[in-house]
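There are 2 protein chains.
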Amino acid sequence: MKSAQDRWSRIYITSVEPRVHNGSWPIKRAIGQPVHVRAGAIVDGHDRMCAQLRITQIGGATEELMLTPSGNDEYTATFVPDSPGRYAYQVRAWVDRYGSWQHQFNRRREGGAPEEELQVELLDGAAILESYAANAPLAELTQIMAFVEAYRSGNVEAALDPKTMALVRRHDPQLGAVESEAIAVEVDHPLAACAAWYEFFPRSAADKDGQHATLDDAARRLPGIRDMGFDVVYLPPIHPIGYQFRKGKDNHPTARPDEPGSPWAIGTEGGGHTSVHEDLGGMEALDRFVATADKLGLRVALDIALQCSPDHPWVTSNPQWFRKRADGTIRYAENPPKKYQDVYPFDFECKDWRALWEALKNVFEFWMGRGINIFRVDNPHTKPLAFWEWCLARLKALDPNAIFLAEAFTRPKTMYTLAKLGFNNSYTYFTWRNTKDEIVNYVRELTRTNVVEYFRPNFWPNTPDILHEYLATGGRPAHISRFVLAATLSPVYGVYGPPYEHIVCVQHPDREEYADNEKYEIRNWNWNDPHSLQPLFARVNRIRRENPALQQLREIHFLNTRNPNLIAYYKVADANLVLCVVTLDPYQEQKGTLTLPLEAMGLADHTPFQLDDLLGGNNYIWQGRKHTIRLDPKVMPAQLYRVRKRMRTEADFDYYN
Amino acid sequence: MKSAQDRWSRIYITSVEPRVHNGSWPIKRAIGQPVHVRAGAIVDGHDRMCAQLRITQIGGATEELMLTPSGNDEYTATFVPDSPGRYAYQVRAWVDRYGSWQHQFNRRREGGAPEEELQVELLDGAAILESYAANAPLAELTQIMAFVEAYRSGNVEAALDPKTMALVRRHDPQLGAVESEAIAVEVDHPLAACAAWYEFFPRSAADKDGQHATLDDAARRLPGIRDMGFDVVYLPPIHPIGYQFRKGKDNHPTARPDEPGSPWAIGTEGGGHTSVHEDLGGMEALDRFVATADKLGLRVALDIALQCSPDHPWVTSNPQWFRKRADGTIRYAENPPKKYQDVYPFDFECKDWRALWEALKNVFEFWMGRGINIFRVDNPHTKPLAFWEWCLARLKALDPNAIFLAEAFTRPKTMYTLAKLGFNNSYTYFTWRNTKDEIVNYVRELTRTNVVEYFRPNFWPNTPDILHEYLATGGRPAHISRFVLAATLSPVYGVYGPPYEHIVCVQHPDREEYADNEKYEIRNWNWNDPHSLQPLFARVNRIRRENPALQQLREIHFLNTRNPNLIAYYKVADANLVLCVVTLDPYQEQKGTLTLPLEAMGLADHTPFQLDDLLGGNNYIWQGRKHTIRLDPKVMPAQLYRVRKRMRTEADFDYYN
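Residue numbers (my numbering), protein chains in the order written: chain A, 84 to 740; chain B, 84 to 740.
Quick look at the structure:
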């Protein structure tokens, strides 16, 4: 029979945070982002406790930290992962026998306990110290035993020696220690936590109108995209496009012979998910495109859509991977009564599912082998969640820097679950959150609830599938507001660039998407247009780079403006504080009264503070809580201020006098 | 190798509620209290799902219910346990293959799909039906196969026959079904969820001043306590009281020979935790007391304090159960520099801990054997949590109707953990929550957070240890307010009766407790005093019995009164709605404006409604949201109204004209 201490413990760990879904799924961090661990632990009576945090990098080293009591039986500690991959952290707690004894001994002394009592208690202290000595190396053993002797000889002063605690703490036999379950942490590349994405169709990158561009043409657009300050260049699928049931312009059920088809109808006899469209210049052109991006400091993201055109090689080589109808034909995609005859979904439940899953995983591995490890995954919610859980775990073991963006526009539980089981970034409802209440409530859900631990929003004001009515009717002011909101509310955001920067506002008559949709035809864009939003993109992305407050998601605070058309918030990271004010009315000037919570912002009521107008380039001095704000959407619908907590020296202010 | 469906599932169960601490601890219900189960479950794509709730009584029957979709991938069902003990519930979900097929078939038909398409799909439907038939008994097999034939012969009408679904649902092979973990439910006796407790010292029950009463004297007080409407009579410890270091009047360190000592200093050579004090009449008097209570419909609760006086028989028979100091003496209770020499705590970690734990459990079992199964446990937080977890599980297996009240006035995590690991009722901070904000916030914490699933508050306005300054200075009005608050905010409450009903307001000069504390001396009380609060106790307890709204904890809604000294709330259970208005100012009249949320209360803005004044016996007609309220503490500091949602007939209102 084991000793009592091995069988039960006086300590109960009541909670360990952060964690996701009771610890079933990892919390997410990027390299350099701290994990603030908070544990609750209790013990009966008045004894003190030691609590330790143990952080293990899977396949790597283990680190140990002591947690600090923060009151009310809570303990805290922070660790900052410095390399990507999977970690686990765990809390261990035990009764601090020596510490409890010393604390009580001091209280006895201070309470005026008689000398006889202190002498008796010293003997107890000696016994505890002696039990610790067994774990100590020889040199320290000698020191501890010297204390034991001093206690035994009745030396009260020795019991108060602060050196003892430091000496013995690490030799505590930790009798009756308890451990929490281990909680997983997934540590990602920093771009998973902060990045600006730019989407464009490479086939539209030609100089000549209507011409099908190659990836070499597209590579010539990269310096411009870099100059606009983007981090990730995301390309819709670049594979051969099927012929059968090819869609024409504006999703017409039949295509004219010269129409290029939708890039999401993947595969011809010439190749499938691991081939590059001939008209894009083939695999070598892609390699050159990636190399150019690399040189510019840009990262390339590919779109992986796990579906086939009827011409995909797998349709003939592996017909068992597709669902058949009772008449023997392969079942095309449909959501009755809608039919998508140009697309065959895979049958993830087919008898040969293991080979199919392996083949699909190999698609990602193929591109990872060519230097691409950022993927936008098309419609992951129409494939089994178990497939993603299996596939992403293996791909991340292969490359812990890989980033997967889930393009799931579906119900909340599915979107959140996809994030839990491994997607590093997620499309969101941001596109449809246009009023102040909608934005505030949604951003609070993403930042103030446990969602922030695993779901990294990637805010897109538009996509090839979505041109919201607000943008279509609001024109240039609406485009500016929504861009600034996306880029400042969320550290990860993206834009389907060309039509956005040229403020294309023509909606399809029946659908919430662009008319003359680039998905079905080649468009021609002006790639260097100073009257477009390109300069705004460049400016806002530079502001993001220069202000750490905008590179994080958690510290965002909405402010009262006394006007439902004016949204204001500040974000803060250490000394950096950025204040954003945006009008949601693209038509009329709006006026409001901004109330600043000065204490929370680290400002004083009676001291002026300086605001650097980051979009306008001006500077202001404000003082006090209430400020009138006025935004004319025709002039500038958004204001970004860096708030300086300390005034500059007077010499800096000559322009102000 | 198992089939794909046995290896992975398309369904993820994302949440199952209610549960406590990730399901580690049971949720609590009393017999007849419903468990509203809410589960989240998702599947890829557009398929439909079946979700089933399985409820198992441990050692009993299993019941199965279908959960109903309530939108947004949530499913709900309710079960009502009808006998005490431990239950487990579990959610099971699977893809509804036939239901999904039929739904899509209907959409095809309604969408005008061509006949050929429907014919092909019918064959798929036939295959699904046929796979279900394997599980059906012969009679139903024949019916299902008739449908299979009809489908195969292209009979579109057969596919729409609503009979099919009812016929086949229960034969679904449930391929790829997933199950949540099982969640435990502890079902208690109804008195655990709703009861009024009355505490008194039986030794003070004599008619003659200063005389030590017996339990037979005390039994003569029971009809009066029953008439005041209490459910549980709680007695402080009734065991022999130690002599060594016996405390005198007012906790004096020494007692005069005629002083009775504190009942919590348990044990003499004559007996310990399973004996009854000779002066109380011994065991036979207790048996008679319990029998009298039984006849009156009252339940007796005993106080179990796991500690010994130095004279307790165990001190000599089992000295190994106590901690020794280095000089060989037994360590008395202390919190340096405070000493409690009249009490020896047990050493729960001693080498002989198994025998000690067993002996302590046997104390409860002994009294359960004498017909007592309600226990107020003294200071459980100074004993190991693991002991309580072990002990309570065994005692409840013995008697699932047993009720344990934790007297733990300590930090929140420990109080909540004691409730999680088995205590059915808990003392609370109510005694120290006297302002409106304090009361509202505390009651919300207890009723609007997950705490409500496991922590059953037992609200006490006073105890022998606590006479709060608010009561001491506020006199009769404060006593009435606090009593009404305790009895209406919480369905379980208690009062240390005699000094409360006689409005004893003399505090000990140094401590927050009664002067001339009954813990250390015999008091004499007037047991039938119409000028005491006894008539109020009777009235309020009758109101509680007559109004189900006051017998539950969850449906409590605080109302705006525009006055911090006036607290108002309503409680509701089905058609019963009780409105409570209490003044927190025991000195001056307070006036406020009550705003009623009429829709939420089930009332209409333009229809008058009737209020029965339950304390005053009047009736009122109100209309609209805003009502002026005025409470004069000298007249009556609390108002309780039953709000009638429907007006009585006009004939009932003649008094009103």
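For glycine and all other residues, C-beta sits at the position ideal for the given N, C-alpha and C.
Asked: Test: glycine 128 of chain B CB closer than 8 angstroms to a CB of chain A; Found: yes
Asked: Element boundaries [beta strand (DSSP E), containing aspartate 696 of chain A]; Found: 692–696
Asked: Identity of the residue in B:Ala656, B:Leu697, B:Tyr427, B:Arg169 nearest alanine 683 of chain B by Cα; Found: B:Ala656
Asked: Whole-angstrom distance between proline 618 of chain A and alanine 651 of chain A, CA atom to CA atom; Found: 23 angstroms
Asked: Listed by chain order, chain B residues near isoleucine 125 of chain A by CB distance under 8 angstroms; Found: Leu468, Arg494, Lys496, Thr497, Thr500
Asked: Cβ-based contacts, 8 angstroms cut-off: residues of the segment 380–409 of chain B near chain A; Found: Arg408, Ala409
Asked: Where aspartate 737 of chain A falls: helix, strand or coil (DSSP); Found: Residue placement at aspartate 737 of chain A is flagged as unreliable, the pLDDT there being 45, under the threshold of 50; a coordinate-derived value is accordingly withheld.
Asked: Range covered by the alpha helix (DSSP H) that runs through alanine 160 of chain A; Found: Careful: alanine 160 of chain A lies outside any alpha helix (DSSP H), inside the beta strand (DSSP E) at 157–162.
Asked: Arginine 539 of chain B vs alanine 275 of chain B beta-carbon contact at 8 angstroms; Found: yes
Asked: Supposed contact pair phenylalanine 487 of chain A and leucine 475 of chain A - C-beta distance, whole angstroms, cut 8 angstroms; Found: 6 angstroms
Asked: Beta carbon of phenylalanine 458 of chain B nearer than 8 angstroms to that of leucine 385 of chain B; Found: yes
Asked: Leucine 443 of chain A versus leucine 389 of chain A - alpha carbon distance; Found: 7 angstroms
Asked: Start-to-end residues for the beta strand (DSSP E) that takes in asparagine 659 of chain A; Found: 659–666
Asked: Span separating the alpha-carbon of arginine 414 of chain A from that of leucine 369 of chain A; Found: 33 angstroms
Asked: Three or more C-beta pairs below 8 angstroms linking the segment 122–139 of chain A and the segment 226–234 of chain A; Found: no
Asked: Distance CB(valine 526 of chain A)-CB(alanine 489 of chain A) smaller than 8 angstroms; Found: no
Asked: Interface flag, leucine 758 of chain A vs chain B, CB-CB below 8 angstroms; Found: The displayed coordinates of chain A run from 84 to 740. Any statement about residue 758 of chain A would go beyond what the structure contains.
Asked: Cβ of arginine 93 of chain A within 8 angstroms of any chain B Cβ; Found: yes
Asked: Residue range of the alpha helix (DSSP H) that includes tyrosine 537 of chain B; Found: No alpha helix (DSSP H) holds tyrosine 537 of chain B; DSSP gives it neither H nor E.
Asked: Proximal residues to arginine 559 of chain B (C-beta, below 6 angstroms), its chain only, five neighbours per side dropped; Found: Ile586
Asked: Runs of alpha helix (DSSP H) lying entirely within the segment 198–257 of chain A, each at least 4 residues, in chain order; Found: 198–216, 221–235, 239–242, 245–251
Asked: Among B:Thr399, B:Gln706, B:Leu694, the one whose alpha carbon lies nearest that of aspartate 688 of chain B; Found: B:Gln706
Asked: According to DSSP, residues forming a beta bridge with isoleucine 324 of chain B; Found: B:Ile349
Asked: Test: glycine 195 of chain B CB closer than 8 angstroms to a CB of chain A; Found: yes
Asked: Coil, strand or helix - serine 98 of chain B by DSSP; Found: strand
Asked: Where leucine 636 of chain A falls, given that 16 or more other Cβ within 10 Å makes a residue buried; Found: buried
Asked: Below-8 angstroms beta-carbon distance, threonine 465 of chain B vs any chain A residue; Found: yes
Asked: Spatial neighbours of isoleucine 455 of chain A in its chain, beta-carbon cut-off 7 angstroms, leaving aside the 5 residues before and after; Found: Val373, Val383, Leu385
Asked: CB contact check: glutamine 424 of chain A to chain B, cutoff 8 angstroms; Found: no
Asked: Proline 420 of chain B - DSSP class collapsed to helix/strand/coil; Found: coil
Asked: Closest Cα partner of alanine 265 of chain B within the set B:Leu572, B:Lys503, B:Thr139; Found: B:Thr139
Asked: Best match in A:Ala632, A:Glu441, A:Tyr499 for proximity to aspartate 156 of chain B [C-alpha to C-alpha]; Found: A:Tyr499
Asked: Enclosing alpha helix (DSSP H) for cysteine 474 of chain B [first to last residue]; Found: 468–481
Asked: Contact set between threonine 97 of chain B and chain A, taken where Cβ atoms lie within less than 7 angstroms; Found: Lys496, Thr500
Asked: Own chain, CB closer than 7 angstroms to threonine 97 of chain A, minus 5 neighbours either side, in chain order; Found: Gly123, Ala124, Ile125
Asked: Cβ of leucine 206 of chain B within 8 angstroms of any chain A Cβ; Found: yes
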